[in-house]
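Each remark here refers to the structure printed beneath this line.
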Amino acid sequence: CIDPIIRPVSAGKIWVNYIDENDCDWTDTISFDVIPLESIMPQLVNIITPNSDGRNDELSFEGLGIFQEVALEVFNQDGNKLYQSNNYQNDWTGTLNGEDLPEGVYFYVLQVLLDDRVFRLDSDLTIVRD
């Protein structure tokens, strides 16, 4: 097709016109869904209760499977890095070198890669052990 003409018709719809190699004129309207980027980003978690009761024991995010890469870093209030994973699997339970971290407020950075774009999400995180 030589120099197609594409024009927006409305949200989620475009009009396309092109001439093929046989000089035939083609026109079509293509509809598509627009999904806001925010709707597919992981919902940030701000508390975990790693007490082995099966609820909120890990820092866990839904929907990580759509991303090509997922990295997580956790910091204490002084900015010291306590945990890092470049292939995060929803498995951090509030430990440092196998030892439980004390209850308190921490900070994490979650980076996800989608279609060659890196998105950085961050939040406070409270660890409660009771």
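Note that the sequence shown covers residues 49 to 178 in our numbering. Heads up, the beta-carbon is just placed ideally off N, CA and C, and yes, glycines get one too.
- In the pairwise beta carbon analysis, the stretch 112–128 is classified as not touching the stretch 95–104: fewer than three pairs are separated by under 8 Å.
- Look at E69 here: in three-state DSSP terms it is coil, with no helix or strand label.
- Every candidate alpha helix (DSSP H) stretch fails here, since none sits fully inside the stretch 57–114 while reaching 4 residues.
- If you draw a straight line from the Cα of D148 to the Cα of I88, it is about 32 Å long.
- By the neighbour-count definition (other C-beta atoms within 10 Å, threshold 16), G142 is a buried residue.
- With a cutoff of 8 Å on beta-carbon distance, N138 and F109 are scored as near each other.
- Around the Cβ of I175, a 10 Å sphere holds 16 or more other Cβ atoms; the residue is buried.
- Within the model, the alpha-carbon separation for V82 versus D163 is close to 16 Å.
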